[in-house]
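Chains as they are written, first to last, in the working numbering: chain A, 353 to 651; chain B, 353 to 651. Each residue gets a CB set at the ideal place from its N, CA and C atoms; glycine is no exception.
Number of protein chains: 2
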Amino acid sequence: MPAIVECVPNFSEGRRKEVIDKIVFSIRSVPGIKVLDVEMDPDHNRSVVTFTGSKEAVQEGAFRGARAASELIDLNKHKGQHPRMGALDVLPFVPISGVTLDDCVEIANKIGARIAKDLKIPVYLYEAAARKPERRNLENVRRGEFEGLREAILTDESRYPDYGPRMIHPTAGAVAVGARMPLIAFNVNLNSKDVAVAKEIAKNIRASNGGMPNVKALGFLLEHKGMVQVSMNLTDYTVTPISKVFEAVKKAAEDRGVEVAESEIIGLIPLDAVCDLAAKYLKIGNLGSNQVLERRIWG
Amino acid sequence: MPAIVECVPNFSEGRRKEVIDKIVFSIRSVPGIKVLDVEMDPDHNRSVVTFTGSKEAVQEGAFRGARAASELIDLNKHKGQHPRMGALDVLPFVPISGVTLDDCVEIANKIGARIAKDLKIPVYLYEAAARKPERRNLENVRRGEFEGLREAILTDESRYPDYGPRMIHPTAGAVAVGARMPLIAFNVNLNSKDVAVAKEIAKNIRASNGGMPNVKALGFLLEHKGMVQVSMNLTDYTVTPISKVFEAVKKAAEDRGVEVAESEIIGLIPLDAVCDLAAKYLKIGNLGSNQVLERRIWG
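Here you go:
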């Protein structure tokens with residue numbers, strides 16, 4: 353079964369549809385690439401493209417997207433609410449099936465070197481691909497944005513890029529290239545109207561407060577439902593499985609005399625994560641996604 | 353996303369590979385057909401082919417397979433351990449994705465009528481496609497096999513076919529055409545060496561003893577593992593979900609002071625069944641298989 357890598361480039365253009373169309377067309381021109389989603393955001397003046405393909409195909413698609421963006425977007429003329437430093441602003445690679453996070457780090461390095469060399473754009477490696485600990489966090493990489501980085505990259509050693517020239521591209525800026533696990537947006541709704549319960553549980557389970565690794569969590573009131581919600585982003589389901597997160601929230605709620613009403617997966621979830629969930633609850637040692645009938649048809 | 357129907361024809365030939373190759377070639381010749389598996393069994397002198405496709409494609413594939421079998425297999429010369437009445441012996445259609453069991457009943461009727469008319473082979477509708485209650489059970493349809501049916505079909509009104517001539521085809525016999533839900537083979541292994549525990553639990557949960565509908569269950573000793581096993585076939589996971597079966601076995605075991613060690617899915621499982629499992633345990637109202645990332649890529 354073929355390996356699947358996902359690539360989610362963010363471009364600094366969310367208003368001129370003809371520009372995004374051209375960029376997406378250039379990505380799609382690579383055989384084997386499947387564009388799953390294109391989100392244009394006029395307020396942020398930013399677009400997020402999601403595409404998948406083999407290791408080789410996603411690299412070529414990413415390069416063609418980067419090249420098209422560098423030709424069509426001028427950061428000097430760009431304004432929007434979202435922080436940005438490049439025409440192609442961030443370029444993460446995500447392992448979906450038959451590839452590892454390390455494979456995606458390798459891809460980030462290869463394509464980062466190519467963008468730097470062929471397009472003369474400085475490249476910063478971030479998240480799992482970061483070579484310096486502070487660059488794991490995208491905010492540090494992008495500090496000062498296009499305008500600030502234009503100065504800093506010249507003189508501040510800590511802002512030197514991982515690949516490419518020590519000056520930003522005059523119109524296309526710089527790009528952050530990285531690797532990360534698929535993000536799963538998972539919410540658990542509780543039969544309570546007391547938002548303090550959800551906030552407390554969120555605080556206890558999130559990684560940043562010493563809870564479970566790779567869990568981001570916030571508590572909200574869902575007024576229309578008369579419930580509160582623990583809203584989470586799971587940034588590596590192989591380290592902290594969804595089942596473990598759900599059971600932790602459930603237990604924490606029960607400890608406070610509150611019941612779980614329902615939960616929801618927002619957006620897409622990788623097949624391996626669904627199989628892992630089923631396997632965990634049924635005590636199946638290993639439910640390979642290759643046991644899923646449709647995978648035999650499609651894969 | 354396209355509908356997927358599975359078709360699992362059983363042919364009365366398990367020794368002459370060249371014959372099965374020709375039959376499979378004729379099925380595969382239909383655009384859009386994917387042959388997932390071919391199992392030849394020399395002792396039973398029988399082969400099971402598993403293929404999938406759209407509603408239209410599986411009908412055409414099934415017809416071409418039936419025609420090839422009627423040209424290549426002579427039941428008068430066939431011997432094997434498995435009961436059989438036709439060159440193409442049984443032809444079940446199974447809804448996998450985007451189709452219902454009723455759709456498959458309709459397919460069984462269409463293709464049954466066509467086989468009867470074009471190939472002059474009598475057709476019996478069985479399982480969910482049966483028009484008479486006693487024909488839901490394949491054993492009743494096939495009673496007496498090729499040799500016995502040859503006589504019975506002429507005079508016994510209860511053995512008249514649903515489509516086609518009231519005489520069997522001289523070499524290809526008769527065929528049972530049906531519709532059923534996907535079968536899930538699910539075993540739960542218990543931390544006990546007392547096979548009586550597994551047999552008792554199996555007896556309590558199986559449909560035939562008044563347990564859960566669409567559950568077949570037997571108890572076994574797994575000598576090499578030092579465990580006992582409740583071995584099940586789930587014949588409609590939409591009526592009796594896997595999670596419900598697992599929890600029932602777990603509870604019955606705990607009531608007897610025994611723990612569940614592990615469970616296993618044997619063979620393939622439809623994506624919808626895996627999503628249903630995940631949804632049940634996490635209290636997700638509806639985890640559509642269209643939320644599975646790979647489905648967006650492949651489907």
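Near H396 (chain A), what residues of its chain come up, given a Cβ to Cβ distance below 8 Å and the 5 sequence neighbours on each side ignored? These residues qualify, in order along the chain: G366, G432, Q433, H434.
Let me confirm a value: R518 (chain A) is counted as buried when at least 16 other C-beta atoms fall within 10 Å, else exposed. Which label applies? Label assigned to R518 (chain A): exposed.
Contact set for L424 (chain B): own chain, Cβ-Cβ below 8 Å, skip 5 residues either direction: Same-chain partners within the cutoff: E365, V371, K374, I375, A439.
Would you mind telling me which residues of chain B sit closer than 9 Å to T590 (chain A), beta carbon to beta carbon, in chain order? By Cβ distance, chain B contributes nothing, its closest Cβ being about 15 Å from T590 (chain A), past 9 Å.
Apply the 10 Å Cβ neighbour rule to K602 (chain B) and answer buried if 16 or more other Cβ atoms are within range, or exposed otherwise. With 16 or more neighbouring CB atoms inside 10 Å of its own CB, K602 (chain B) falls in the buried class.
When B:K635, B:I618, B:L477 are compared against G637 (chain A), the one with the closest alpha-carbon: Proximity to G637 (chain A) across B:K635, B:I618, B:L477 peaks at B:I618, based on C-alpha coordinates.
Could you say which of A:E611, A:R416, A:I463, A:E616 lies nearest to A531 (chain A) if we only look at CA atoms? From the listed residues A:E611, A:R416, A:I463, A:E616, the smallest Cα separation to A531 (chain A) is found for A:I463.
What are the start and end residues of the beta strand (DSSP E) that includes I398 (chain B)? The displayed chain sequence assigns Arg, not Ile, to residue 398 (chain B). Run containing R398 (chain B): 398-405, per the beta strand (DSSP E) assignment.
Output the distance between the C-alpha atoms of K635 (chain B) and D628 (chain B), rounded to the nearest integer angstrom. For K635 (chain B) and D628 (chain B), the distance between alpha carbons rounds to 10 Å.
Are the beta-carbon atoms of V442 (chain B) and L490 (chain B) separated by less than 9 Å? If you check the CB distance, V442 (chain B) and L490 (chain B) come in under 9 Å.
For A600 (chain A), which of helix, strand or coil comes out of DSSP? If DSSP states are grouped into helix, strand and coil, A600 (chain A) belongs with the helices.
Looking only at its own chain, which residues have a Cβ that is under 7 Å from the Cβ of R466 (chain B), when we skip the five neighbours before and after it? If we look at R466 (chain B) and ignore the five residues flanking it on each side, its Cβ neighbours are F415.
I want to verify the contact list: residues of chain B whose CB lies under 7 Å from the CB of I379 (chain A), in sequence order. One finds nothing in chain B with a Cβ atom closer than 7 Å to the Cβ of I379 (chain A); even the nearest lies about 15 Å away.
Same chain, Cβ closer than 7 Å to K632 (chain B), neighbours up to 5 away in sequence not counted: By the criterion of a C-beta distance shorter than 7 Å, K632 (chain B) is surrounded in its chain by P593, S595, once the five residues flanking it on both sides are discounted.
So, are the CB atoms of L471 (chain B) and A418 (chain B) less than 9 Å apart? Yes, these two residues count as a Cβ contact at 9 Å.
Contact check, I621 (chain A) vs Q411 (chain B) under 8 Å by CB: the rounded distance? Taking the Cβ atoms as the reference, I621 (chain A) lies roughly 34 Å from Q411 (chain B), outside the contact range of under 8 Å.
Since S615 (chain B) meets chain A, which of its residues come closer than 8 Å, beta carbon to beta carbon? When 8 Å is used as the limit between beta carbons, S615 (chain B) is near these residues of chain A: L634, K635, I636, in chain order.
Buried/exposed call for D508 (chain A), threshold 16 Cβ in 10 Å: Answer is exposed; the Cβ neighbour count stays below 16.
Chain-ordered neighbours of A630 (chain B) on chain A, where CB pairs are closer than 7 Å: Going along chain A in sequence order, the residues near A630 (chain B) (Cβ under 7 Å) are V626, L629, A630.
Beta bridge counterpart(s) of E614 (chain A) as assigned by DSSP: Paired residues: A:N541.
Name the chain B residues that come within less than 8 Å of V644 (chain A), Cβ to Cβ? For V644 (chain A), the C-beta contacts it makes with chain B under 8 Å involve L620, I621, P622, L623, V626, in order along the chain.
Where the stretch 437-458 of chain B meets chain A: residues whose CB sits under 7 Å from a CB there: Taking 7 Å as the Cβ-Cβ cut-off against chain A, the residues of the stretch 437-458 of chain B that qualify are I448, S449.
Please decide whether S641 (chain B) counts as near chain A, where near means a Cβ-Cβ distance under 9 Å. By this cut-off, S641 (chain B) is an interface position.
According to DSSP, what are the bridge partners of H521 (chain A)? DSSP output for H521 (chain A) lists A:G525 as bridge partner(s).
From K429 (chain B) to R558 (chain B), what distance separates their C-alpha atoms? When only Cα atoms are considered, K429 (chain B) and R558 (chain B) end up about 39 Å apart.
Do A481 (chain B) and V529 (chain B) count as a contact pair if the criterion is CB distance below 9 Å? A contact, by the Cβ cut-off of 9 Å.
Assign K551 (chain A) to one of three DSSP states: helix, strand, or coil. K551 (chain A) carries a helical assignment under DSSP once its states are collapsed to helix, strand and coil.
Between the stretch 403-420 of chain A and chain B, which residues of the former have CB atoms less than 7 Å from a CB of the latter, in chain order? Per Cβ criterion, the list reads T404.
Residues of the stretch 527-560 of chain A whose Cβ lies closer than 7 Å to any Cβ of chain B, in chain order: Within the stretch 527-560 of chain A, no residue has a Cβ that lies closer than 7 Å to any Cβ of chain B.
Please give the ranges of any alpha helix (DSSP H) in the stretch 464-533 of chain B, keeping only runs that are unbroken, at least 4 residues long and fully inside the region. Taking only runs of at least 4 residues, the alpha helix (DSSP H) segments lying wholly in the stretch 464-533 of chain B are 490-494, 497-507.
If I measure Cβ to Cβ from V457 (chain A) and keep anything under 6 Å in the same chain, skipping five residues before and after, which residues do I get? Excluding residues within five positions, the ones whose Cβ falls inside 6 Å are A480, A481, A531.
Please state whether DSSP places L535 (chain B) in a helix, a strand or coil. Three-state result, L535 (chain B): coil.
At least three beta-carbon pairs within less than 8 Å, the stretch 493-503 of chain B to the stretch 534-541 of chain B: Taking a cut-off of 8 Å for Cβ pairs, the stretch 493-503 of chain B and the stretch 534-541 of chain B do not touch, as fewer than three such pairs fall below it.
Unbroken beta strand (DSSP E) runs of length 3 or more, entirely within the stretch 358-393 of chain B: which are they? Counting only runs of 3 or more, we get 386-393.
Just to confirm, are T404 (chain A) and I356 (chain A) a CB contact at a threshold of 9 Å? Contact flag set, yes.
Exposed or buried, what is R328 (chain B) when buried is set at 16 or more other beta-carbons lying within 10 Å of its beta-carbon? Only positions 353 to 651 of chain B appear in this structure, which leaves residue 328 (chain B) out of reach.
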